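>
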Amino acid sequence: AQKITQTQPGMFVQEKEAVTLDCTYDTSDPSYGLFWYKQPSSGEMIFLIYQGSYDQQNATEGRYSLNFQKARKSANLVISASQLGDSAMYFCAMRDLTGTASKLTFGTGTRLQVTL
Amino acid sequence: DSGVTQTPKHLITATGQRVTLRCSPRSGDLSVYWYQQSLDQGLQFLIQYYNGEERAKGNILERFSAQQFPDLHSELNLSSLELGDSALYFCASSAGTAHNQPQHFGDGTRLSIL
Numbered sequence: 032a033q034k035i036t037q038t039q040p041g042m043f044v045q046e047k048e049a050v051t052l053d054c055t056y057d058t059s060d061p062s063y064g065l066f067w068y069k070q071p072s073s074g075e076m077i078f079l080i081y082q083g084s085y086d087q088q089n090a091t092e093g094r095y096s097l098n099f100q101k102a103r104k105s106a107n108l109v110i111s112a113s114q115l116g117d118s119a120m121y122f123c124a125m126r127d128l129t130g131t132a133s134k135l136t137f138g139t140g141t142r143l144q145v146t147l
Numbered sequence: 130d131s132g133v134t135q136t137p138k139h140l141i142t143a144t145g146q147r148v149t150l151r152c153s154p155r156s157g158d159l160s161v162y163w164y165q166q167s168l169d170q171g172l173q174f175l176i177q178y179y180n181g182e183e184r185a186k187g188n189i190l191e192r193f194s195a196q197q198f199p200d201l202h203s204e205l206n207l208s209s210l211e212l213g214d215s216a217l218y219f220c221a222s223s224a225g226t227a228h229n230q231p232q233h234f235g236d237g238t239r240l241s242i243l
């Protein structure tokens with residue numbers, strides 16, 4: 032069974048600083064995708080970044096980058112130059128293919144608070 | 130804006146009642162997923178449809194059912210509601226089922242059972 036672990040329930044970061052949100056995963060499938068989503072206090076789920084299990088390079092999307100270490104089964108999210116609007120819950124998720132199913136398995140999330 | 134539309138945004142009802150949540154996927158997306166987010170269970174996958182056919186079931190109760198219509202919109206039906214069904218219900222869609230295709234989420238329907 033697939034499992035996502037986010038060990039940081041809450042994190043604080045000062046504005047304009049970088050922050051790393053940890054994510055480790057467990058799967059026996061050779062092919063899978065890793066995703067990060069942001070959930071502001073308003074509740075919607077916003078897709079941030081994707082990393083494929085066979086991708087050689089770490090994914091980047093603007094101020095977001097993913098530190099993918101396959102051997103360690105970790106996929107940490109790095110947010111550079113934090114902004115007040117980055118304050119939200121962040122979820123790591125994994126998608127794998129089991130037959131014809133394609134669900135996301137989520138971690139428990141990390142609440143990020145950006146301070147002045 | 131993800132392009133996924135969920136209605137209603139909020140729903141307040143009583144125990145024992147039945148409700149229907151509606152989802153319109155992004156234009157062109159054939160896959161629809163339903164998730165439940167609650168304080169004690171976190172984000173849980175309920176069910177997946179692809180082009181009108183059920184593809185996978187997760188932790189979906191027998192009191193819950195869903196379907197995807199020919200125009201690709203989907204409905205999640207919740208019956209004999211209990212207090213524990215109070216949660217945020219998300220619909221997500223993706224173009225297909227490949228693992229490199231992100232699922233785009235709607236804003237959710239917040240269900241409160243009184």
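So the protein lines, in turn, are chains P and G. In this text, residue positions in the first sequence follow our numbering: the first is 32, and each later residue adds one. In this text, residue positions in the second sequence follow our numbering: the first is 130, and each later residue adds one. We put the beta carbon where it would ideally sit given N, CA and C, even for glycine. Since the structure is predicted, the reported quantities are computational estimates derived from the model, not experimental observations.
#1: Counting only runs of 3+ residues fully inside the region 56 to 94 of chain P, write out the beta strand (DSSP E) ranges in chain order.
#2: Run the CB neighbour count on P231/G, radius 10 Å, all protein chains shown included, and call it buried at 16 or more, exposed below.
#3: Where S62/P and M125/P are concerned, what is the direct C-alpha to C-alpha distance, given to the nearest angstrom?
#4: Suppose contacts are defined by Cβ-Cβ distances below 8 Å. Is H202/G in contact with S153/G by that definition?
#5: Starting from N107/P and walking both ways along the beta strand (DSSP E), at which residues does that stretch end?
#6: Quick one, which residues of the region 79 to 97 of chain P are near chain G if we go by CB-CB under 7 Å, in chain order?
#7: Do you know offhand how far G237/G's Cα is from E48/P's?
#8: For S96/P and S223/G, I'd like the C-alpha separation in whole angstroms.
#9: Give a yes or no on whether 8 Å exceeds the smallest Cβ distance from L149/P to chain G.
#10: Which residues in chain G sit within 9 Å of G64/P, going by Cβ to Cβ distance?
#11: Please classify H135/G: is it buried, with 16 or more other beta-carbons within 10 angstroms of its beta-carbon, or exposed?
#12: Residues bridged to K186/G by DSSP?
#13: Whole angstroms is fine: what's the gap from D57/P's alpha carbon to K134/P's?
#14: Nearest chain G C-beta to R55/P closer than 8 Å, yes or no?
#15: Identify, in the order they occur along the chain, each residue of the same chain with its Cβ nearer than 6 Å to the Cβ of G165/G, setting aside the five sequence neighbours on each side.
Well, looking at it:
#1: Fully contained in the region 56 to 94 of chain P are the following beta strand (DSSP E) runs of length 3 or more, in chain order: 63 to 70, 77 to 83.
#2: For this step, residue 231/G is matched to residue 102 along the second sequence. Classification for P231/G: buried.
#3: Within the first sequence, the letter at position 31 stands for residue 62/P. Within the first sequence, the letter at position 94 stands for residue 125/P. Cα-Cα distance, rounded: 11 Å.
#4: Mapped onto the second sequence, residue 202/G falls at position 73. Mapped onto the second sequence, residue 153/G falls at position 24. Against a cut-off of 8 Å, the Cβ pair of S153/G and H202/G comes out as a contact.
#5: Translated into the one-based positions of the first sequence, residue 107/P becomes position 76. First-last of the beta strand (DSSP E) with N107/P: 105 to 110.
#6: Y81, G83
#7: Along the second sequence, one-based indexing puts residue 237/G at 108. Along the first sequence, one-based indexing puts residue 48/P at 17. Roughly 31 Å between the two C-alpha positions.
#8: By one-based count along the first sequence, residue 96/P stands at place 65. By one-based count along the second sequence, residue 223/G stands at place 94. Taking the straight line from one Cα to the other gives about 22 Å.
#9: Nothing can be reported for residue 149/P: it is not among the residues displayed for chain P, which extend from 32 to 147.
#10: Indexing the first sequence from 1 puts residue 64/P at position 33. Per Cβ cutoff of 9 Å: A227, H228, N229, Q230, P231.
#11: Within the second sequence, numbered from 1, the residue matching residue 135/G stands at position 6. Looking at the sequence shown, residue 135/G is not His but Gln. Answer is buried; the Cβ neighbour count reaches 16.
#12: Locating residue 186/G in the second sequence gives position 57, counting from the first residue. According to DSSP, which records beta bridges pairwise, K186/G is partnered with I176/G.
#13: Stepping through the first sequence from its first residue, residue 57/P is reached at position 26. Stepping through the first sequence from its first residue, residue 134/P is reached at position 103. A straight-line Cα-Cα distance of about 15 Å links D57/P and K134/P.
#14: The count along the first sequence starts at 1 and reaches residue 55/P at position 24. Note that residue 55/P is Thr in the sequence shown here, rather than Arg. T55/P does not count as touching chain G.
#15: In the second sequence, residue 165/G corresponds to position 36, counting from 1. In the sequence as presented, Gly is not what sits at residue 165/G; that position holds Gln. Only Q173, L175, A216, Y218 meet the Cβ criterion.
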